[in-house]
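What follows is a single structure, written as structure tokens, with notes after it.
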Amino acid sequence: MKEAVHISGVPSPGPDLQELMVRVARGDQDAFASVYDAVSGPVLGLVRSVLRDPAQSEEVAQEVLVEVWRTAPRFQASRGSAMNWVLTLAHHRAVDRVRSAEAAAAREHKAALLERMPAFDEVSEQVETRLEREQVRRCMRTLSELQRESVTLAYYRGLTYREVSELLSVPLGTIKTRLRDGLIRLRDCLGVSA
Amino acid sequence: MSTAELHTLTGAYALHALPESEQRAFERHLEDCEACSQEVRELSATAARLGLAVAEPSPRELRERVLREITTVRQEAPAHGRRERSSGRGRTGRWSGYALAACIAAAAAFGGVAVWQNQVAQDARQEANQAQRQNEQLAQVLSAPDAKTSSSELTGGARGTVVVSQSQNRAVFLAANMAPPPSGKVYQIWFNDEGTMRSAGLMDPKASDDAVLLNGPVDQASGMGITVEPAGGSAEPTSDPVALMDFPTA
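Quick mapping for you: the protein sequence lines, in order, are chains A and B. Counting from 3, one number per residue, gives the positions in the first sequence under this note's numbering. Counting from 387, one number per residue, gives the positions in the second sequence under this note's numbering.
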């Protein structure tokens with residue numbers, strides 16, 4: 003596995019993830035194992051940042067990874083990278099879970115959501131992850147406070163923009179705009195193209 | 387939801403921060419809005435980077451469970467026969483101004499304010515080929531990160547939206563359901579420089595829905611007005627304005 007500094011795009015560690023996905027789409031289980039190794043860390047980390055509960059996070063991560071296998075034939079490389087596709091799926095599933103009725107009841111107090119704002123608290127040994135984390139952290143600092151809070155609460159905590167608006171006592175329209183211009187600033191800072 | 391607001395939902399959508407009903411409505415909107423789709427792709431890719439930044443090691447047992455489970459899970463059929471979004475529009479990777487204007491007009495329809503007619507969009511797209519450069523500028527204003535929007539009801543059920551980008555120093559006026567001007571007349575748009583009217587161009591007399599890049603810089607103008615003028619326009623207004631709109635403030 004090469005250790006590269008990724009300037010733009012989502013890195014695909016090891017063998018090319020796009021090619022592997024083509025093989026997975028044809029039912030290749032060995033290729034899926036390689037895809038698993040590339041994506042499972044980000045999937046679990048993301049799901050866990052939203053759900054917090056370790057057991058529930060593993061359960062959702064498992065569902066997501068099996069869904070990657072099941073729906074791989076529908077993956078279209080022309081629409082974006084495999085890593086994007088997988089992480090978008092993972093985020094959706096995590097957020098679906100957090101918004102489901104039983105989870106809502108157990109949802110933590112709002113104040114607690116705000117306290118844990120910086121979501122980069124776990125330690126990782128992986129160089130690629132550390133670099134990625136550094137870059138995201140640096141770019142997050144270029145955001146205004148409201149942009150950063152809005153994006154963080156929506157993405158890492160899975161709140162709807164209405165919930166973000168209530169939590170921060172800021173009008174809905176402002177939150178919508180901040181989510182967009184915050185992401186645009188991040189996109190430019192991270193050099194993302196699609 | 388006001389006219390151009392739907393386009394600002396690209397960020398919330400990319401972060402999956404829309405409630406389900408709004409998410410579905412926005413997805414319908416995306417079907418017809420290539421500019422929004424492009425932005426959503428970019429912002430989703432950006433969000434994925436945020437996901438990548440919180441990666442953590444996953445336990446070996448999870449790997450075993452997943453690899454065992456997939457041996458019993460049937461894969462879905464590939465997606466084919468799907469409607470190709472780009473058909474008929476050319477795959478240039480750039481959005482035409484009118485495609486974006488169509489988005490915003492579609493946004494107006496979503497808000498229950500105006501109805502966008504497909505034919506109008508079609509015509510607009512053809513015109514777009516003839517006025518590509520102007521359209522690109524128009525698109526730049528509409529998609530500028532600092533674009534601000536304000537909408538108001540005009541006379542006769544029409545609705546006007548003005549989009550101003552301070553960084554571009556340009557403004558765009560979007561009209562929906564405008565009654566045609568009297569025969570031999572045109573609508574002329576003016577910048578309002580503290581009561582002094584500075585011509586900002588003519589509207590297309592045939593279109594009831596139109597997107598106009600205002601001629602010249604916004605500079606100190608605090609708003610815009612529309613008057614009915616003889617065909618070809620006038621150097622200064624010769625009639626009372628049929629509409630006056632303030633520019634959105636920051």
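From the three backbone atoms N, C-alpha and C, an ideal C-beta is built for every residue, glycine too. Values in this document were obtained by computation on a predicted structure and should not be read as measured data.
- Task: For B:Arg451, go through chain A and note every residue whose CB falls closer than 8 Å to its CB, in chain order.
- Result: Gln64
- Separation of B:Phe412 from A:Leu170, as counted between CA atoms: 24 Å
- Query: Does DSSP put B:Tyr399 in a helix, in a strand, or in coil?
  - Reply: helix
- Query: Going by beta carbon distance, what residues of the same chain come within less than 8 Å of B:Asn555, once the five residues before and after it are set aside?
  - Reply: Pro603, Val604, Asp605
- Message: Strictly below 8 Å CB to CB, what residues from chain B border A:Met85?
- Response: Those are Ala434, Leu438, listed as they occur along chain B.
- chain B contacts from the stretch 15-30 of chain A (Cβ-Cβ distance under 8 Å): Identification of residues in the stretch 15-30 of chain A having a C-beta nearer than 8 Å to some C-beta of chain B yields Ala27, Gly29, given in sequence order.
- Task: Using the Cα positions of B:Thr369 and A:Pro75, report the straight-line distance between them to the nearest angstrom.
- Result: One cannot answer for residue 369 of chain B here, as it falls past the ends of chain B, which runs 387 to 636.
- Message: As a quick exercise: from A:Gln64, A:Glu69, A:His93, pick the residue whose alpha carbon is nearest that of A:Met23.
- Response: A:Glu69
- Would you mind stating whether A:Leu67 and B:Val452 have Cβ atoms separated by less than 8 Å? In this structure, A:Leu67 places its C-beta atom within 8 Å of the C-beta atom of B:Val452.
- Return helix, strand or coil for B:Asn660, following the three-state DSSP convention. In the structure as shown, chain B starts at 387 and stops at 636, and residue 660 of chain B therefore has no counterpart that could be examined.
- Query: Cβ of B:His402 less than 8 Å from any chain A Cβ?
  - Reply: yes
- Message: Between B:Val558, B:Tyr399, B:Ser569, which has its C-alpha nearest B:Ala586's C-alpha?
- Response: B:Val558
- Message: Do A:Leu185 and B:Ala433 count as a contact pair if the criterion is CB distance below 8 Å?
- Response: yes
- Message: At the 8 Å Cβ level, is A:Asp55 part of the contact set with chain B, yes or no?
- Response: no
- CB contact flag (B:Met589, B:Val548, <8 Å): In this structure, B:Val548 does not lie closer than 8 Å to B:Met589 by Cβ.
- Query: For A:Arg28, which three-state DSSP category applies?
  - Reply: In this structure, A:Arg28 counts as coil in the three-state DSSP scheme.
- Minimum Cβ-Cβ distance from B:Thr457 to chain A less than 8 Å: yes
- Message: I want to see whether chain A comes within less than 8 Å of B:Pro634, judged by CB atoms only; does it?
- Response: By this cut-off, B:Pro634 is not an interface position.
- For A:Arg81, which residues from the same chain have a beta carbon less than 8 Å from its beta carbon, with the 5 sequence-adjacent residues on both sides left out? Trp87
- Item | Status (buried if at least 16 other CB within 10 Å, exposed otherwise) for A:Leu174 | A:Leu174 comes out exposed.
- What is the DSSP secondary structure of B:Leu524, reduced to helix, strand or coil? helix
- Check the DSSP bridge columns for B:Arg556 and list the partner residues they point to. In DSSP, B:Arg556 forms a bridge with B:Ser551.
- Query: Which residues of chain B have a Cβ atom closer than 7 Å to the Cβ of A:Thr179, listed in chain order?
  - Reply: Thr394
- Please confirm whether A:Gln137 and A:Arg187 have their CB atoms less than 8 Å apart. No.
- Look at A:Gly29 and B:Gln461 and say whether their C-beta atoms are less than 8 Å apart. yes
- Proximity test, Cβ basis, 8 Å: B:Gly397 and chain A: yes
- Could you list which residues in chain A have their beta carbon closer than 9 Å to that of B:Ser407, in chain order? Think of a sphere of 9 Å around the beta carbon of B:Ser407: no beta carbon from chain A falls inside it, the nearest being about 11 Å out.
- Taking the DSSP output, what are the residues bridged to B:Lys571? B:Pro616
- Message: Can you check whether the C-beta of B:Arg427 is within less than 8 Å of a C-beta belonging to chain A?
- Response: yes
- Item | Among A:Thr73, A:Ala40, A:Glu65, A:Arg72, the one whose alpha carbon lies nearest that of B:Glu442 | Measuring from the Cα of B:Glu442, the nearest candidate turns out to be A:Ala40.
- Message: Determine, for B:Gln552, whether the minimum Cβ-Cβ distance to residues of chain A falls below 8 Å.
- Response: Nearest CB-CB separation between B:Gln552 and chain A: not below the 8 Å threshold.
- Message: Measuring straight from C-alpha to C-alpha, what distance separates A:Cys141 and B:Arg584?
- Response: 42 Å
- Message: Could you give the first and the last residue of the continuous alpha helix (DSSP H) run that contains B:Ser423?
- Response: 420-438
- Message: Which same chain residues end up closer than 7 Å to A:Thr144 when comparing Cβ atoms and leaving out the 5 residues on each side of it in sequence?
- Response: Arg187, Cys191
- What are the start and end residues of the alpha helix (DSSP H) that includes B:Glu455? 446-456
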